[in-house]
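Novice:
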Ligand code: DGJ
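Numbering (this note's numbering), first residue to last: 13 to 740.
1) Decide yes or no for the touch test of the segment 99–110 against the segment 186–201: beta carbon pairs closer than 8 Å, at least 3 of them.
2) Within the continuous alpha helix (DSSP H) that includes residue 597, where are the two ends?
3) Rounded to the nearest angstrom, how far is the Cβ of residue 21 from that of residue 36, given a contact under 8 Å?
4) Taking residue 67 as the reference, give the member of 74, 85, 485, 51 with the closest Cα.
5) Please classify residue 15 as buried or exposed, where buried requires at least 16 other C-beta atoms within 10 Å of its C-beta.
6) From 366, 362, 377, 417, pick the residue whose C-alpha is nearest to that of residue 404; which is it?
7) Can you find a heavy atom of the ligand DGJ that lies under 8 Å from the Cβ of residue 25?
8) Three or more C-beta pairs closer than 8 Å, one from the segment 545–554 and one from the segment 342–354: is that the case here?
9) Can you check whether the C-beta of residue 234 is within less than 9 Å of a C-beta belonging to chain E?
10) Taking 6 Å as the limit, name every residue whose beta carbon sits nearer than that to some heavy atom of the ligand DGJ, in sequence order.
11) In whole angstroms, what is the alpha-carbon distance linking residue 498 and residue 671?
12) Please list, in chain order, all residues of the same chain as residue 591 whose beta carbon is under 6 Å from its beta carbon, the five residues on each side excluded.
13) So residue 347 and residue 630 are supposed to be a Cβ contact under 8 Å. How far apart are they, rounded?
14) Taking C-beta to C-beta, are residue 129 and residue 118 nearer than 9 Å?
15) Does DSSP put residue 171 in a helix, in a strand, or in coil?
16) Runs of 3 residues minimum, wholly inside the segment 56–129: which ones carry the beta strand (DSSP E) assignment?
17) Residue range of the alpha helix (DSSP H) that residue 1 falls in?
18) Where residue 58 and residue 580 are concerned, what is the direct C-alpha to C-alpha distance, given to the nearest angstrom?
19) Quick check: what's the CA-CA separation for residue 124 versus residue 140?
20) Which complete alpha helix (DSSP H) runs does the segment 353–423 hold, if anything under 4 residues is left out?
21) Using 10 angstroms around the beta-carbon of residue 742, count the other beta-carbons present and answer buried if the total reaches 16, otherwise exposed.
22) In angstroms, rounded to a whole number, what distance separates the CA positions of residue 674 and residue 163?
23) Is DSSP giving residue 661 helix, strand or coil here?
24) In the DSSP assignment, what are the bridge partners of residue 736?
25) What is the C-beta distance between residue 229 and residue 222, in whole angstroms, given that I count them as a contact (C-beta under 8 Å)?
26) In terms of DSSP beta bridges, what is residue 24 paired with?
27) Between residue 686 and the rest of its own chain, which residues show a CB-CB distance below 6 Å, the 5 nearest in sequence each way excluded?
28) Given residue 663, which residues of its chain have a CB within under 6 Å of its CB, disregarding the five upstream and five downstream residues?
29) Out of 190, 187, 245, 179, point me to the one whose CA is closest to residue 211's CA.
30) Leaving out five residues on either side along the sequence, give the residues of the same chain with a beta carbon under 6 Å from the beta carbon of residue 302.
31) Can you tell me which residues form a DSSP beta bridge with residue 264?
32) Consider the C-beta atom of residue 109 and the heavy atoms of the ligand FMN; say whether any pair is separated by less than 8 Å.
33) The alpha helix (DSSP H) with residue 321 in it runs from where to where?
34) Can you tell me which residues form a DSSP beta bridge with residue 193?
35) Report the rounded CA-to-CA distance for residue 215 versus residue 570, giving the unit in angstroms.
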């Protein structure tokens, strides 16, 4: 059984194929955390009871006789505010008396097969009930009447679990949730490195690593999106762990709004990790009988370092998060108009692009920003989602039918959560933008954010989008979001509820995305947030791919894509070959093959020779599609750890096929370059399609190949080697 309750010991044990997660019910119903890590046999379960230290000056309850037990030092399963645990807490409820003392105790639990969805929020799902087992532990805060249910779902085969929390008000008076994290986990010891993904626009998800120190280390977003600046991902790994060895624990929040993730190391060297909605500018009033659900956190354990952790995340998200039918179906190869034309296009220009697309072998043309209202630059028309007939003469249907006649599919761009001050919609509804009374509104990219907390706003945008999508053969939709939220507030919320704004905003976005994606199940959706500012599991639930970054220079992209691959699968990473000229076309394509692969430039500006190069790239894209999209990713040489080169592999699930890619970022004059490969079968024999020689998997992985002389490429060059199993 993946989840067991040991009656005598009052211990819960949650097992996956390689991990155990153990906590128990201590005296008087306190839930105490015992262990998370490599799998431990049931045989030893009685060993897991509270093993506290000396807590003489720490507060405790009078009736607790064990003087080693105090909330000040005990590893808690879900830490509460202001009742004796002074470390970072997970739950803080302000009761009707105005104080924030919070204290939850065990009431009951249930274990069942399968996994429930989360109210209004994206979450992982089970494909069948056998795949997941759920534990719900009900607790109560007797004073506030908050019934707090801790939910654990175990994905036994994938070495992963999810956690979330439900709070129900069972009292007769309202209370306010001030902080509700999706999990907290207390690790004993501090010999861990913390990994996280930081960045900014055009530099998203750069991997950062730091050793844990006493005190609090944290990351957060306050921008209304999960953000370019920090991703809702954090990992702890043994301080000796590498890409392939040691324990790694990944935490990834299924949420696209403001989040916070913290690690506190206390004086007893317990390291407490938590992640959830950012408590900054958050409050949620819960009236009697109302319920609040936290977002879900995905927790992955790996005994095979960060690489093992990443591959588990990838499989989990492909199998149990992304819903679109496109997760298992070969997606169209597209060319996007943005980097080639910006706002400067009309039907003729787009048809010319589609002709090139057809000639090169590209399946789809995506018309990016600039097709609606009277938008010719970024100063107008967001919110006016009707076609600009000055640009698209004869309308959208005419354009699409011309493009389709060429045998090319058609995709479109939207930015549904925005409104331009210069728009018909804003003239009619100036109160529909996000704003607070009496304070001037900040503008960014000449636009405001539209108030997604409002049903009337969402209905209006939904209807406008349906008008276009119902009447045109649109097969792809890019959903953009190009600024952060400021002066956060809604005209629909009274002053007591303004701090609910940020969470209501993202719930509104999810509701609209849910409506649109279920009404158009055949459309391929790509999320985008001014590049990759909402690259998170919440968005992956609605769209199988997300534009990784507006940085399309292949060398810069290496860092972005390596960081992104910490938890997101290659098939989810929007990656295009663009016109940037720092490298040749080969390197551009090799780097774009890390992700979805596509094109983004003006093909009119290319020479005949360049067009021929692109045609051969398209052939390679088809040849390697399966091994990249459905295989496993092994990071070999990190662009942030190695000065000279970056390399990775895509290996098919059955280990019969492997694509190796290496990019030279900087050429050393003297060098020795031996490459050991990973993830192959030692007992298989592989054909190297570059030198036509046979190699055993054992040789490739243990001794490697000597590339010192053969592949000493110039700066910015790249090469690939394809290996396939041969039958001996
Ligand atoms: C930001 C996106 O990242 C770009 O790809 C493009 O769609 C622009 N927005 C359009 O405004």
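For every residue, glycine included, the Cβ atom is placed at its ideal position computed from N, Cα and C. The model shown is predicted, which means the values in this text are computed figures rather than measured ones.
Specialist: With the structure as the only source:
1) yes
2) 597–604
3) 7 Å
4) 85
5) buried
6) 362
7) no
8) no
9) Here chain E cannot be found, since the structure has a single protein chain.
10) 350, 380, 381, 425, 492, 494, 540, 542, 543, 559, 562
11) 45 Å
12) 613
13) Not really, about 11 Å apart at Cβ, beyond 8 Å.
14) no
15) coil
16) 103–106, 117–125
17) The shown model of the chain, from 13 to 740, leaves out residue 1, and the question about it has no answer.
18) 38 Å
19) 13 Å
20) 359–372, 408–417
21) As shown, the chain starts at 13 and ends at 740. That puts residue 742 outside it, with no answer to give.
22) 43 Å
23) strand
24) 669, 699
25) 7 Å
26) 17, 35
27) 716, 718
28) 643, 644, 670, 691
29) 245
30) 181
31) 245, 310
32) The ligand content of the structure shown is limited to the ligand DGJ, which means the ligand FMN is not among them.
33) 317–332
34) 288
35) 10 Å
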